[in-house]
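Participant: Structure incoming, see below.
Numbering (this note's numbering), first residue to last: 336 to 476.
Below is the structure:
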């Protein structure tokens, strides 16, 4: 049975892992004529000891916009136009909530390759998304 995905939410963080996830999502989108939404979530739980809260958030938001712009260019190289979203909060929760809001059929996320012990202790964003999402989740290694 072939699964058709009409709306794909791709998690972007500027890493090589999210870039690989995006390439995989673009391959799927091309075959299914899917719309692609790129999401970057600024993790509000991370703080900087050096920068004030608003200054830190501003720098991270600039980084997020740059990461999304680069992702958008990569998607365009596949002939895919995208919508970009920046959220702030708990990364996994924001991604899950946005996927529900837009009724995504598929969430594509990169796996940063935490070791088994670290993943057990810390958990991982991709694992939390897979566990709590209402739609299919593809974790790209």
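C-beta atoms are modelled at their ideal positions from N, C-alpha and C, and glycine is treated no differently.
Since this is a predicted model, take the numbers as computed values, not measurements.
Pull up the distance between the alpha-carbon of residue 476 and that of residue 436, whole angstroms please.
Facilitator: The residue given as residue 476 occupies position 141 in the chain shown. The residue given as residue 436 occupies position 101 in the chain shown. For residue 476 and residue 436, the distance between alpha carbons rounds to 26 angstroms.
Participant: Taking the alpha-carbon positions, what's the residue 338 to residue 470 distance?
Facilitator: Here the question's residue 338 lines up with position 3 in the chain shown. Here the question's residue 470 lines up with position 135 in the chain shown. Looking at the two C-alpha atoms, the distance is approximately 12 angstroms.
Participant: By Cβ distance, which residues of its chain are closer than 8 angstroms to residue 398, with the 5 residues on each side in sequence left out?
Facilitator: Sequence index remark: in the chain shown, residue 398 carries index 63 (1-based). So the qualifying residues of the chain are 349.
Participant: Using 8 angstroms as the Cβ pair cut-off and three pairs as the minimum, do the stretch 399-415 and the stretch 436-446 touch?
Facilitator: No: the two stretches stay apart, fewer than three of their Cβ pairs being nearer than 8 angstroms.
Participant: Note the first and the last residue of the continuous alpha helix (DSSP H) segment covering residue 362.
Facilitator: By one-based count along the chain shown, residue 362 stands at place 27. 351-367 is the span of the alpha helix (DSSP H), which, as asked, contains residue 362.
Participant: Is it right to say residue 453 is buried, meaning 16 or more other beta carbons lie within 10 angstroms of its own, or is it exposed?
Facilitator: Counting from 1 along the chain shown, the entry for residue 453 is found at position 118. Caution is warranted here: a pLDDT of 43 is assigned to residue 453, below 50, making its placement in the model unreliable, and the coordinate value is therefore given only provisionally. Burial call: exposed.
Participant: Which two residues bound the contiguous alpha helix (DSSP H) that contains residue 419?
Facilitator: Numbered from its first residue, the chain shown carries residue 419 at position 84. No alpha helix (DSSP H) holds residue 419; the beta strand (DSSP E) holding it covers 417-424.
Participant: Give me whichever residues DSSP pairs with residue 378 in a beta bridge.
Facilitator: For this step, residue 378 is matched to residue 43 along the chain shown. Residue 378 pairs with 424.
Participant: DSSP on residue 412, reduced to helix/strand/coil?
Facilitator: As a first step, residue 412 must be located in the chain shown, where it is residue number 77. Of the three classes helix, strand and coil, the one that applies to residue 412 here is helix, per DSSP.
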